[in-house]
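Step one of this worksheet: look at the structure below.
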Ligand code: 3PG
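In this note's numbering, the protein residues as written are 109 to 414.
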């Protein structure tokens, strides 16, 4: 089978080498499309491929239409909001992710961002310490749990909200369970978002929620840009000069936010939460193994469009 690794934001070289090795040993042919400037390049490159490994690359209906031989897409990572799942299903294409494989990298970035903001973006201005503060975690999945464990080691109190988990599951993950957004936001000096971008969550972090946060609080977003109501965020920062926002990746109104709020906001220009050599190797190799296994045995354990 021909497997295309299509990554606008390339994997580390060690990950690419490892992926190729697994696929070639599994009897497959490998093609590489990195840093492609246009979506049209991806559409062109899939014409004869049977499998696709991607990161945040967009697998749209147009891509799927252009790939008549395609059987499987593996998103090397957690979020699959970049894949048109309905269209993939209609085309008979299996879509998988590699849950947990890049979570530690994202969790480390969330902690780093918290401290970066607490220490006024490493300027000489007097900062504050995270020890003794309360961290609220919205969605206690692979990343949320790791953020919680690291925050506890820093002496923070950790609370988590996750409607898909029982109190026991949250407690055993090391956090105090909370049951409403109101409780989470009003009680968190730091609020770390780990929700996926879904119709129900897009734009859901709005003015009303953000302004519930206590004096001096910081909202940390290593989830998805789309979950923030950007106009609501801007108004919240305007009405509450004590609040801060830090995010991996830049909101559309970032230039305005920087002009208006200076060191109270920070955004990475390109999503970098999972951009470590370790995460690239973990997620990339898992993707390659899942493809080899799928073609050899039909294993669909990580399929997300069932
Ligand atoms: C994910 O969903 O796994 C992360 O957001 C990482 O995305 P990336 O592979 O584009 O860096």
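Each residue gets a CB set at the ideal place from its N, CA and C atoms; glycine is no exception.
Just reading off the beta strand (DSSP E) that residue i is part of, what are its end residues?
| i | result |
| --- | --- |
| residue 374 | 373 to 375 |
| residue 205 | 202 to 205 |
| residue 298 | 298 to 301 |
| residue 246 | 242 to 246 |
| residue 268 | 265 to 269 |
Considering only the alpha carbon of each residue, which of the options lies closest to residue i?
| i | options | result |
| --- | --- | --- |
| residue 366 | 346, 383, 384, 378 | 346 |
| residue 414 | 199, 130, 211 | 199 |
| residue 298 | 370, 208, 225, 233 | 225 |
| residue 158 | 133, 357, 121, 175 | 175 |
| residue 260 | 393, 219, 172, 371 | 219 |
| residue 210 | 336, 267, 385, 112 | 385 |
| residue 111 | 181, 248, 142 | 181 |
| residue 338 | 292, 114, 170, 364 | 364 |
In whole angstroms, give me the CA-to-CA distance for residue i and residue j.
| i | j | result |
| --- | --- | --- |
| residue 215 | residue 196 | 30 Å |
| residue 314 | residue 343 | 10 Å |
| residue 412 | residue 232 | 47 Å |
| residue 208 | residue 217 | 15 Å |
| residue 118 | residue 401 | 24 Å |
| residue 324 | residue 348 | 9 Å |
| residue 282 | residue 252 | 11 Å |
| residue 243 | residue 276 | 19 Å |
| residue 187 | residue 316 | 26 Å |
| residue 331 | residue 370 | 22 Å |
| residue 206 | residue 322 | 36 Å |
| residue 396 | residue 405 | 14 Å |
| residue 329 | residue 279 | 23 Å |
Along the chain, where does the alpha helix (DSSP H) that runs through residue i open and close?
| i | result |
| --- | --- |
| residue 305 | From DSSP, residue 305 is part of no alpha helix (DSSP H); its letter is neither H nor E. |
| residue 128 | 121 to 133 |
| residue 258 | 250 to 261 |
| residue 279 | 275 to 280 |
When we look at the beta-carbon of residue i and count the other beta-carbons within 10 Å, is it buried (16 or more) or exposed?
| i | result |
| --- | --- |
| residue 359 | buried |
| residue 409 | exposed |
| residue 239 | exposed |
| residue 135 | exposed |
| residue 398 | buried |
| residue 249 | buried |
Helix, strand or coil for residue i per DSSP?
| i | result |
| --- | --- |
| residue 310 | coil |
| residue 394 | helix |
| residue 144 | coil |
| residue 198 | helix |
| residue 329 | strand |
| residue 178 | coil |
| residue 171 | helix |
| residue 411 | strand |
Quick check: is any heavy atom of the ligand FAD less than 7 Å from the C-beta of residue i?
| i | result |
| --- | --- |
| residue 382 | As for the ligand FAD, it is missing from this structure, which binds only the ligand 3PG. |
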